[in-house]
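Enquirer:
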Amino acid sequence: MNALSKPVLLVALSAGFNGAALFVEKMDKITGALPHVEVVLVQDERGIAANYFSERQIQARNQRASNRMSAKTMVDGATHVVVFWGGHDLTDIIYFARLLKKSTRIIPLRITTVRNQTKEEFDISIGRGGPWGNPFKIGHGPGGLSREEAIDKYREYFEKEILPDPEKHAALLSLRGYRLGCFCKPLACHGDVIASYLNSYVEADDENGDD
Numbered sequence: 116m117n118a119l120s121k122p123v124l125l126v127a128l129s130a131g132f133n134g135a136a137l138f139v140e141k142m143d144k145i146t147g148a149l150p151h152v153e154v155v156l157v158q159d160e161r162g163i164a165a166n167y168f169s170e171r172q173i174q175a176r177n178q179r180a181s182n183r184m185s186a187k188t189m190v191d192g193a194t195h196v197v198v199f200w201g202g203h204d205l206t207d208i209i210y211f212a213r214l215l216k217k218s219t220r221i222i223p224l225r226i227t228t229v230r231n232q233t234k235e236e237f238d239i240s241i242g243r244g245g246p247w248g249n250p251f252k253i254g255h256g257p258g259g260l261s262r263e264e265a266i267d268k269y270r271e272y273f274e275k276e277i278l279p280d281p282e283k284h285a286a287l288l289s290l291r292g293y294r295l296g297c298f299c300k301p302l303a304c305h306g307d308v309i310a311s312y313l314n315s316y317v318e319a320d321d322e323n324g325d326d
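When the letters of the sequence shown are read in order and numbered with the numbering used here, they come out as residues 116 to 326.
(1) Mind the definition here: the stretch 167 to 175 touches the stretch 187 to 195 only if three or more C-beta pairs lie below 8 Å; say whether that holds.
(2) For the beta strand (DSSP E) that contains Asn133, what are its first and last residues?
(3) Just to confirm before moving on: does the CB-CB distance between Val152 and Leu124 stay below 8 Å?
(4) Just the Cα atoms here: how many angstroms apart are Arg243 and Phe251?
(5) May I have the straight-line CA-CA distance separating Leu288 from Ala212, to the nearest angstrom?
(6) How long is the line joining the alpha carbons of Arg179 and Ala265, rounded to whole angstroms?
(7) Rounded to a whole number of angstroms, what is the C-alpha to C-alpha distance between Tyr269 and Glu140?
(8) Could you tell me whether the stretch 120 to 134 touches the stretch 221 to 231, where touching means 3 or more Cβ pairs closer than 8 Å?
(9) Please tell me whether Ile309 and Leu290 are closer than 8 Å, where the distance is taken between their beta carbons.
(10) Leaving out the 5 sequence neighbours to the left and right, which residues in its chain are closer than 7 Å to Gly98 when beta-carbon positions are compared?
(11) Could you give the distance in angstroms between the alpha-carbon of Asn182 and the alpha-carbon of Ile221?
(12) Secondary structure at Glu153, three-state DSSP: helix, strand or coil?
(13) From the DSSP output, read off the bridge partner residues of Ser218.
(14) List the endpoints of the continuous alpha helix (DSSP H) containing Leu287.
(15) Report yes if the CB atom of Leu302 is closer than 8 Å to the CB atom of Phe237, and no otherwise.
(16) Along the alpha helix (DSSP H) that carries Gly296, what are the first and last residues, could you check?
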């Protein structure tokens, strides 16, 4: 890198990443060593990274790695690469960061996603009839529950029946990092309640990362 040019930091986040506190913890250490940095963001779905850099008055722009070539171009233009990685995506970013010998930090995460189990690969079914199915069924006609009402009822059940119960909570945590299969997706479903909680859950010894 030219001594007069700014370092360029590429920050990529796996789909479903929801760990704002973890992001702050990791990025404070990284940006502290990179004064006057320019930032490129990839897959910042919830604006966690954008908010972080905006609050610190650090210029950041969003880019999309739509294919292998665009991923290579973005990585090639960076001096440093940080990937908050759930293991199922961003592989082109990681590949080219290693291939092009960029200064790279990969932070492995257990990110839970929800997928359509009839059309996409999944690891664990959360459909009706299993232990993680929604007991509140969407109904049609007078008196039936709308999709939103069924999800709201599940959220209340989740918070009152699952989270406070040590055994059920331990079983819930065993879903971390897996792709949950449901028939509803891509529509909203109770799996979003499960995934949102798990993706916000960070244990004290979680995610040390890889320098």
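No residue lacks a Cβ here, since even glycine has one placed at the ideal position from N, Cα and C.
Expert: Once the coordinates are examined:
(1) The stretch 167 to 175 vs the stretch 187 to 195: no contact.
(2) The count along the sequence shown starts at 1 and reaches residue 133 at position 18. Per DSSP, Asn133 is not a residue of any beta strand (DSSP E), being assigned neither H nor E.
(3) Residue 152 sits at position 37 when you count from the first residue of the sequence shown. Residue 124 sits at position 9 when you count from the first residue of the sequence shown. The answer is yes: Cβ separation under 8 Å.
(4) Sequence index remark: in the sequence shown, residue 243 carries index 128 (1-based). Sequence index remark: in the sequence shown, residue 251 carries index 136 (1-based). Cα to Cα, the separation comes out at about 9 Å.
(5) Taking the first residue of the sequence shown as position 1, residue 288 is located at position 173. Taking the first residue of the sequence shown as position 1, residue 212 is located at position 97. One C-alpha to the other measures close to 32 Å.
(6) Looking up residue 179 in the sequence shown gives position 64. Looking up residue 265 in the sequence shown gives position 150. The alpha-carbon atoms of Arg179 and Ala265 are separated by roughly 34 Å.
(7) For this step, residue 269 is matched to residue 154 along the sequence shown. For this step, residue 140 is matched to residue 25 along the sequence shown. Their Cα atoms are separated by approximately 32 Å.
(8) Result yes; three or more Cβ-Cβ pairs closer than 8 Å.
(9) Taking the sequence shown and counting its residues from 1, the one referred to as residue 309 is at position 194. Taking the sequence shown and counting its residues from 1, the one referred to as residue 290 is at position 175. Yes.
(10) With the chain covering 116 to 326 only, the question about residue 98 has no answer from this structure.
(11) Residue 182 sits at position 67 when you count from the first residue of the sequence shown. Residue 221 sits at position 106 when you count from the first residue of the sequence shown. Asn182 and Ile221 have their alpha carbons spaced roughly 20 Å apart.
(12) What you label residue 153 is simply residue 38 of the sequence shown in a count that begins at 1. The answer is strand: DSSP assigns Glu153 an E or B state.
(13) Residue 218 sits at position 103 when you count from the first residue of the sequence shown. DSSP lists His195 as partners of Ser218.
(14) Numbered from 1 along the sequence shown, position 172 holds the residue referred to as residue 287. Counting along the chain, the alpha helix (DSSP H) containing Leu287 begins and ends at Pro281 to Leu288.
(15) Locating residue 302 in the sequence shown gives position 187, counting from the first residue. Locating residue 237 in the sequence shown gives position 122, counting from the first residue. The answer is no: Cβ separation not under 8 Å.
(16) Locating residue 296 in the sequence shown gives position 181, where the first residue counts as 1. Element bounds for Gly296: not the alpha helix (DSSP H) but the beta strand (DSSP E), Arg294 to Cys297.
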